[in-house]
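Reviewing the structure listed below.
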């Protein structure tokens, strides 16, 4: 009897040990250690990449600071404009009426022989509305009077040496205030030949005769 009871007790102990061991082995490893067993629910921290910085050229740099003093930057060099060479225009004398000068109609022709100073190497060519004086001398004559046919006169500011000066015939005037006759729209045949052209220097009141060249198609 005692032997049977002992065997029964040993059997119960063996069964209990087996059940206990089986239950322990079926427990998840995470629960046994106290950590969560479902790895799919774990949150993994992903490192955030640092923002890329692009190099930007500073078009308006600030002056460097040394201590409390601000060091001024040297001024930027600016491109110096280069002036283009412009060809000089041909010098052409203009007829200018001096301020305060007596009117043309009041001028007197220097007719005496003592006032004649000889001929000048200047040629005169007349067209329909002007006379062209070519100064072939080495001297420039300024502020002179030009007389045509001893009756009509005008003032010329300058007759440069080696240049041709054009004098409009309508600027000539006689002692009666009449202008030199020139062809017009209603009088195309109105013309008056310049047979004698003289240059008078007011400072000396000396007159010089010029060389008049005629053209075949003038009149």
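In our numbering, the protein residues as written are 2 to 220. We put the CB at the ideal spot given by N, CA and C, even for glycine.
Nearest neighbour of residue i, chosen from the options [CA to CA]
i, options, result
"residue 178", "104, 145 and 156", "104"
"residue 201", "127, 17, 160 and 169", "160"
"residue 119", "16, 6, 199 and 148", "199"
"residue 121", "192, 142, 102 and 193", "142"
"residue 128", "180, 10 and 215", "215"
"residue 206", "182, 148 and 133", "148"
"residue 169", "176, 109, 182 and 204", "182"
"residue 180", "106, 197 and 114", "106"
"residue 194", "165, 136, 130 and 166", "130"
"residue 163", "140, 176, 171 and 192", "140"
"residue 196", "176, 165 and 152", "152"
Three-state class that DSSP yields for residue i in the structure shown
i, result
"residue 115", "helix"
"residue 192", "coil"
"residue 177", "coil"
"residue 151", "coil"
"residue 183", "coil"
"residue 141", "coil"
"residue 110", "coil"
"residue 205", "coil"
"residue 129", "coil"
"residue 6", "helix"
"residue 231", "The displayed coordinates of the chain run from 2 to 220. Any statement about residue 231 would go beyond what the structure contains."
One or two residues paired with residue i in a DSSP bridge
i, result
"residue 135", "124 and 165"
"residue 156", "146"
"residue 210", "120 and 199"
Whole-number beta carbon distance between residue j and residue i, since they are thought to touch under 8 angstroms
i, j, result
"residue 125", "residue 213", "5 angstroms"
"residue 174", "residue 154", "7 angstroms"
"residue 210", "residue 116", "Their Cβ separation, rounded to whole angstroms, is 12 angstroms, which puts residue 210 and residue 116 out of contact at 8 angstroms."
"residue 133", "residue 167", "5 angstroms"
Exposed unless 16 or more other CB atoms sit within 10 angstroms - verdict on residue i
i, result
"residue 138", "exposed"
"residue 12", "exposed"
"residue 204", "exposed"
"residue 136", "buried"
"residue 21", "exposed"
Contact test: residue i Cβ vs the ligand SAM heavy atom, cutoff 6 angstroms
i, result
"residue 122", "The ligand SAM is absent from the structure shown, which contains no ligand whatsoever."
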